[in-house]
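Notes for the one structure printed next.
Numbering (our numbering), first residue to last: 1260 to 1413.
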């Protein structure tokens, strides 16, 4: 078999054309680059999507949960309006409406002569500052000693 070169072919081939049976280096480099680019873009997208949740992390529990739900809805529906709403909610500090109302309720309880109920913390427990010193955490049943002697001694 004659190994003649086609008369219209050039003498040398560009470096990205590989000989038959050789490894295609350019293909491998582009494959690794594409996999890294897809991974990095996906990571960036998910971090950007979690930004409102990270910003609302130090806020109240209710605000954090609303922002987290808005971010999840935006993630699954691809509706950017939910993400923008979550971001704006995370950025804006909402006024505290409950503290003045609790103060008014405590004042009214004091004025009516009732003992005001202690405030509950975020978990629904009475804080330690409202319990009396030396008071046990669990109620203890009181016992009475009955004297059985007839001469008045206990």
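Ideal Cβ positions, reconstructed from N, Cα and C, are used throughout, including at glycine.
CA nearest to the CA of residue i, picked from the options
| i | options | result |
| --- | --- | --- |
| residue 1349 | 1280, 1328, 1263 | 1328 |
| residue 1325 | 1308, 1344, 1284 | 1344 |
| residue 1353 | 1323, 1361, 1368, 1341 | 1323 |
Where residue i falls, given that 16 or more other Cβ within 10 Å makes a residue buried
| i | result |
| --- | --- |
| residue 1289 | exposed |
| residue 1268 | exposed |
| residue 1346 | buried |
| residue 1311 | buried |
Reduced DSSP secondary structure (H/G/I, E/B, other) of residue i
| i | result |
| --- | --- |
| residue 1313 | helix |
| residue 1319 | coil |
| residue 1287 | helix |
| residue 1267 | coil |
| residue 1361 | helix |
| residue 1353 | coil |
| residue 1376 | coil |
Beta-carbon contacts of residue i that lie in its chain and below 6 Å, excluding the five residues immediately before and after
| i | result |
| --- | --- |
| residue 1314 | 1349 |
Cutoff 7 Å; reference residue i; Cβ partners in own chain excluding five residues on either side
| i | result |
| --- | --- |
| residue 1321 | none |
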